[in-house]
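Notes for the one structure printed next.
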Amino acid sequence: MHFDKLVDLHCHILPGIDDGSESLEKSLALAQAAIADGVTHILATPHHLDNQYVNHKADVIKLCDQFQAELDRQKLPLSVFAGQEVHINGDLIEKYDDLLGIDEDKHYMLLEFPHGEVPAYAKRMIFDLRKKGTTPVICHPERNHEIQENLDLLYEFIENGALAQLTATSYIGGFGEHVAELSHKMVEHNLVQIIASDAHNLPGRKFVLSEALNQVAQDFDAAKAQAFEANAEKLINGDYVAAHDYSPIPMKKKKKFFFF
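Following this line, the structure appears as structure tokens:
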């Protein structure tokens with residue numbers, strides 16, 4: 076499949092502010108790799124509030140503008156927008172004004188859970204963000220250990236109005252067979268609505284977005300792959316996307332056998 080436009084909504088391309096690119100030189104190399112993969116628009120999403128990195132809204136916007144100017148100077152055909160990968164915590168509503176959304180009006184926001192668990196207050200936080208007019212997009216749920224054990228947890232979040240973003244590398248097996256199988260199930264059950272690169276300047280965290288979308292087209296059909304790309308465009312423009320339109324399917328419960 077060929078896409079005239081390819082929007083990547085999760086990427087650690089800005090230099091020197093998190094565990095992504097270490098320098099402008101490496102950021103430009105990432106940009107060239109993105110272009111080679113067919114990516115035309117990137118939401119730069121440095122980590123924020125994850126106990127390691129704090130990247131305030133104004134700082135991200137400034138750095139993103141500087142990076143775009145350098146891309147333009149080098150005539151690299153890539154548009155980069157300022158965002159954040161916001162780590163869930165109990166203070167998000169108090170810090171809401173310092174948070175960046177996927178779109179300028181903050182209709183959508185990337186929300187990261189800890190890798191090991193789903194916080195007990197996650198459902199409440201999603202409710203509170205939605206009251207503010209922001210739909211959380213749960214980042215890479217396929218790599219959360221608790222969701223791995225029980226995909227119905229993700230189904231419940233989607234039923235409660237959240238969306239979810241699958242990582243391209245996960246789908247094509249870059250994080251191992253188990254994560255790839257879970258990713259396939261999430262696509263099959265309509266539990267994820269977009270695919271993004273989550274590219275870092277690390278081995279195995281590269282731009283394979285077009286490869287993942289083509290694999291989805293091969294595993295399911297072209298319409299499903301095109302829907303993922305169309306949703307990415309809608310989110311960055313702040314347009315309507317609702318998981319309920321895709322009829323998320325709960326996982327079938329395993330039968331329990333009782334021995335007396």
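Okay, so the sequence shown: first residue is 76 according to the numbering used here, each after it adds one.
Glycine is no exception: its CB is placed at the ideal position from the N, C-alpha and C atoms.
Identify the residues that DSSP records as bridge partners of residue i: which are they?
i      : result
PHE156 : LEU118
ALA274 : CYS86
CYS214 : GLN240
HIS162 : GLU187
HIS123 : VAL161
ARG269 : Note that residue 269 is Ile in the sequence shown, not Arg. GLN240.
Going by DSSP, what residue range makes up the beta strand (DSSP E) through residue i?
i      : result
GLN240 : 238-242
Please report the residue range of the alpha helix (DSSP H) in which residue i lies.
i      : result
MET261 : 252-263
LEU175 : That residue, LEU175, is in no alpha helix (DSSP H); it is neither H nor E in DSSP.
HIS229 : A quick correction: the sequence has Leu, not His, at residue 229. Unbroken alpha helix (DSSP H) run through LEU229: 227-234.
SER322 : Run containing SER322: none; DSSP gives neither H nor E here.
MET200 : 197-206
PHE78  : Premise fails: PHE78 is in no alpha helix (DSSP H) and is neither H nor E.
HIS220 : 220-224
GLU192 : Per DSSP, GLU192 belongs to no alpha helix (DSSP H) and is neither H nor E.
SER285 : 284-294
Roughly how many angstroms lie between the CA atoms of residue i and residue j, to the nearest whole one?
i      : j      : result
GLU169 : MET76  : 44 Å
VAL105 : ALA292 : According to the sequence shown, residue 105 is Leu rather than Val. If you take the alpha carbons of LEU105 and ALA292, they lie about 25 Å apart.
ASP203 : LYS150 : 42 Å
ILE222 : THR115 : 32 Å
GLY236 : TYR171 : 19 Å
MET184 : SER245 : 21 Å
HIS131 : VAL155 : 17 Å
ASP112 : GLY251 : 22 Å
LEU84  : GLN240 : 9 Å
GLY313 : LYS207 : 15 Å
THR120 : GLN290 : 25 Å
PHE334 : GLU224 : With a pLDDT of 42 at PHE334, under the threshold of 50, the predicted position of this residue should be treated as unreliable, though the coordinate-derived value follows. Computed Cα separation, rounded: 24 Å.
ILE88  : GLY95  : 6 Å
CYS86  : MET326 : 30 Å
PHE332 : LEU226 : Note on PHE332: pLDDT 44, under 50, position unreliable in the model; the coordinate value appears next. Whole-angstrom Cα-Cα distance: 21 Å.
HIS220 : CYS214 : 13 Å
ILE269 : LEU310 : 9 Å
GLU145 : VAL283 : 24 Å
SER102 : SER322 : 38 Å
PRO90  : GLU100 : 8 Å
Exposed or buried, residue i, counting other C-beta atoms within 10 Å across all chains shown (16 or more means buried)?
i      : result
SER98  : exposed
SER285 : buried
TYR315 : exposed
LYS137 : exposed
ALA336 : The chain is shown only over 76 to 335; residue 336 falls outside these bounds and no answer can be derived.
Counting pairs of Cβ atoms below 8 Å between the segment 298-309 and the segment 250-260, do you hit three or more?
no
So, do the segment 76-86 and the segment 218-238 have three or more beta carbon pairs nearer to each other than 8 Å?
no
Would you call the segment 184-200 in contact with the segment 157-174, where contact means no fewer than 3 C-beta pairs closer than 8 Å?
yes
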